[in-house]
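Scroll down for the structure; my scribbles are underneath it.
In our numbering, the protein residues as written are 26 to 777.
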């Protein structure tokens, strides 16, 4: 019992209780139902089988995950069968391996969490017997905003109806601890989640979690609002761009047509067709273009520019007009949005603007956002509106930089993961969040931009990239397109877009495999104690000098937290210097043979054997609070890298190759650009190869979208790539769980 308790404690679990007998266990559960139960078959008194049966018969404990443990038995199969018949969730035989046990515990808690979410959603749908209409006031400082809210509503929910944004990676589920507010009005006892996620000093200062603070009376709070405006943050805005033979989606042809005469009295449109033929002998026009064509032709003396999309005339312009000369690219990131203005004549990106995705207050990942909209059509409309308004603001800023007008932009290409593309089009992505992870549509689509709310030319076209599956989206298709991997005859290319849902491809022209690894948001700074997106104040990298650790901060200011590339760099250094062992434990100073200033940074927590690593003292941090890496943070990183490494292993096995057969590794996205290859290999995030094989392609999704914008051929090629991809669903793969367990540990071999 003590061994198991220590195992759980070392992995960051709290409130662990031990029962000496089956009877005692039942009494404890009756008083406070737990989130998880581990039972021994040979319990004193009531046996494990009976405890399991009694739990399943009791409404308050019926849905608690149960892990049955057993020593050597005469008939293991019979014991296994009897255990499952009694209602257990999982079964493990002694001797128990720590890594396997903790993995099974995590899986069981995930099941329980999903059940709780489902029940919460079902309860929302049930008509309430008591409906109180009593309203109270919420005063938000320092801006002195007053809003009237329904009594009993949480501060988090109240702020969703305002323009005030709070950080909240978990979407208000009480898991991340980042939606901190300071309550000015006297409050009662803090919630269980608040006690677990906020330290005692902050509690004394009135700090609470917005998502767990109910407004039961008039309440005054102080909050630092997230800056929703475009601001500096670390994102690659220019990447690898292969040569493209220009044949843009929107063409601008300089044309002189004969004026009407007695000899040639054919219609104006017919004469335009004749001049443009044979390519445009079926040329059509939009109603808007046709309604002004008579005037525009005669104003220009029949000598002007025809702006054409496929076989449709969008506008007739004077020769010196710039309409149709520029196009837009939208990279629909879960955390950040990037817009690029592209000169279609010269084939060059001329301006870039990036902005935080306003949807982020509904969760750091797409699953949290899907949970938010599920069963609530108006919420889907709300998220779509937030996204499109962000894109319109980006467009406005881009056009201002070149003194362009909205009517000058006649085409845009959007690329993002499958869920973000669904959100843009106001399509319900709920099927993506649960097996078999089915999207509404995967084909590439073309729409009138105005139909989704984009403010461009009234007849502007919007192209949305093709996807392959629920988790292989248009961003990965753009990545493959820009990498040229699908055109390689002999080279074996591995590509990774690292993030919450890490998308991976492996192959070449002959065969291309893909998978998506549910790495969790740790690589983007979420669910890390002091994690943050890569923006000003984030520690982005580390180095070891003069017997201590030093860091670089984005924006050259005091640090506020740690972003994904910094987390990977730090873990690699701590492994190299023995601060963290291969199992992922932060070792106490007396167990470290490499004595240096780094060991002094290891601090013991209140939970006995659990240790943290101090990155910055209150004096050296931006907000005057210590910045630490916790044991839980290391575990989150291990889960992320294990998922990705497992995906790579399965793709290699499927294609019949080994690590030594990989010719190139392409990395995409902001993390892919800034992560240090040695650090990524040291922690097992990337396979160990010659570092020269690792190439960053930067913002590869938008590069692929740019190629499509500049050449119709690549729009067709993107559809071919999506159709030819072989997608492997990791969650149902026979080798995934075993690979995942194997990859949880860090490699033992140092690389430098």
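Even for Gly, the Cβ is constructed at its ideal location relative to N, Cα and C.
- Per DSSP, which residues does residue 364 bridge with? Please list them. Looking at the DSSP output, residue 364 shares a beta bridge with 355, 378.
- Message: residue 613 and residue 771 - do their beta-carbons sit closer together than 8 Å?
- Response: Cβ distance not < 8 Å, so residue 771 and residue 613 don't count as in contact.
- Using the Cα positions of residue 67 and residue 41, report the straight-line distance between them to the nearest angstrom. Linking residue 67 to residue 41 through their CA atoms gives a straight-line distance of about 20 Å.
- Query: Under a three-way DSSP split, which group does residue 328 fall into?
  - Reply: Residue state for residue 328 is assigned as strand, using DSSP reduced to three classes.
- Thinking C-alpha only, which one of 129, 112, 111 is nearest residue 118? It is 129.
- Message: In the DSSP assignment, the beta strand (DSSP E) including residue 277 goes from what residue to what residue?
- Response: Taken as a continuous stretch (DSSP letters only), the beta strand (DSSP E) holding residue 277 covers 275-281.
- Task: Indicate the three-state DSSP secondary structure (helix, strand or coil) for residue 135 in the structure shown.
- Result: Helix, per DSSP.
- Query: Is it true that the region 463-481 meets the region 699-712, where meeting means three or more beta-carbon pairs spaced less than 8 Å apart?
  - Reply: Because the criterion of three Cβ pairs below 8 Å is not met, the region 463-481 and the region 699-712 do not touch.
- Message: Given a cut-off of 8 Å on the beta-carbon distance, is the pair residue 592 and residue 652 in contact?
- Response: Going by C-beta atoms, residue 592 is not nearer than 8 Å to residue 652.
- Can you name the start and end residues of the alpha helix (DSSP H) that residue 729 belongs to? Counting along the chain, the unbroken alpha helix (DSSP H) around residue 729 starts and ends at 725-735.
- Message: Applying the 10 Å Cβ sphere with the 16-neighbour rule, what's the burial state of residue 643?
- Response: Per the 10 Å Cβ criterion, exposed.
- Query: Quick one: what's got a C-beta closer than 6 Å to residue 532's C-beta in the same chain, skipping five residues either side?
  - Reply: Only 538 meet the Cβ criterion.
- Message: Once DSSP output is grouped into helix, strand and coil, what is the label at residue 622?
- Response: The answer is coil: DSSP assigns residue 622 none of H, G, I, E or B.
- Message: Let's test the definition: count the other Cβ atoms within 10 Å of the Cβ of residue 669 and tell me whether it reaches 16, buried, or not, exposed.
- Response: Residue 669 should be labelled buried.
- Query: Can you name the start and end residues of the alpha helix (DSSP H) that residue 47 belongs to?
  - Reply: Taken as a continuous stretch (DSSP letters only), the alpha helix (DSSP H) holding residue 47 covers 47-56.
- Counting only runs that start and end within the region 497-575, where is the beta strand (DSSP E) found for 3 or more residues in a row? With a minimum length of 3 residues, the continuous beta strand (DSSP E) runs that stay inside the region 497-575 are 518-522, 526-532, 537-543, 563-570.
- Task: State the CB to CB distance for the pair residue 611 and residue 638, rounded to an integer number of angstroms; the pair is presumed to be in contact (CB under 8 Å).
- Result: Residue 611 to residue 638, Cβ: 6 Å. Contact.
- Item | Distance, residue 306 Cα to residue 349 Cα | Each residue's Cα considered, the two are about 21 Å apart.
- Span separating the alpha-carbon of residue 301 from that of residue 272: Distance between residue 301 and residue 272, taken at the CA atoms: about 16 Å.
- Message: Using 8 Å as the cut-off, can you tell me whether the region 367-381 makes contact with the region 412-432, which would need three or more C-beta pairs spanning the two stretches below that distance?
- Response: The region 367-381 makes contact with the region 412-432, as at least three CB pairs between them are under 8 Å.
- Task: Tell me whether the beta-carbon of residue 246 lies closer than 8 Å to the beta-carbon of residue 207.
- Result: Pairing residue 246 with residue 207 gives a Cβ-Cβ distance under 8 Å.
- Find out if the Cβ-Cβ distance for the pair residue 45, residue 76 is shorter than 8 Å. No, Cβ-Cβ distance for residue 45 and residue 76 is not below 8 Å.
- Task: Compute the Euclidean distance between the alpha carbons of residue 133 and residue 112, then round it to the nearest angstrom.
- Result: Residue 133 and residue 112: Cα-Cα distance of roughly 14 Å.
- Query: Grouping DSSP H, G and I as helix and E and B as strand, with all else coil, what is residue 460?
  - Reply: Correct three-state label for residue 460: coil.
- Within 10 angstroms of the Cβ of residue 356, are there 16 or more other Cβ atoms? Answer buried if so, exposed if not. Residue 356 is buried by the Cβ-count criterion.
- Go through its chain and collect everything with a Cβ distance to residue 398's Cβ below 7 Å, but skip five positions before and after it. Excluding residues within five positions, the ones whose Cβ falls inside 7 Å are 404, 405, 408.
- Item | In DSSP terms, what residue 578 is bridged to | Paired residue(s): 564.
- Query: So what does DSSP say about residue 427, is it helix, strand or coil?
  - Reply: Here residue 427 sits in coil by DSSP.
- Item | CB contact flag (residue 201, residue 551, <8 Å) | Yes, these two residues count as a Cβ contact at 8 Å.
- Message: Taking only three categories from DSSP, how would you classify residue 248?
- Response: The DSSP-derived three-state label of residue 248 is coil.
- Report the rounded CA-to-CA distance for residue 713 versus residue 686, giving the unit in angstroms. Spanning the alpha carbons of residue 713 and residue 686 requires a straight line of approximately 12 Å.
- Quick one: residues in its chain with C-beta nearer than 6 Å to the C-beta of residue 629, no 5 flanking neighbours on either side, listed in chain order? Take residue 629, set aside five residues on each side of it, and the residues of its chain with a beta-carbon closer than 6 Å to its own are 636, in chain order.
- Could you tell me the distance, in whole angstroms, from the CA atom of residue 369 to the CA atom of residue 268? Their Cα atoms are separated by approximately 14 Å.
- Would you list the one or two residues that DSSP bridges to residue 334? DSSP output for residue 334 lists 275, 337 as bridge partner(s).
- Message: One question on the structure: do residue 557 and residue 585 come within less than 8 Å of each other, judged by their Cβ atoms?
- Response: It is a contact, given that the beta carbons lie within the stated cut-off.
- Is it buried or exposed for residue 235, if we count other Cβ within 10 angstroms and need 16 for buried? By the neighbour-count rule (16 or more Cβ atoms within 10 Å), residue 235 is buried.
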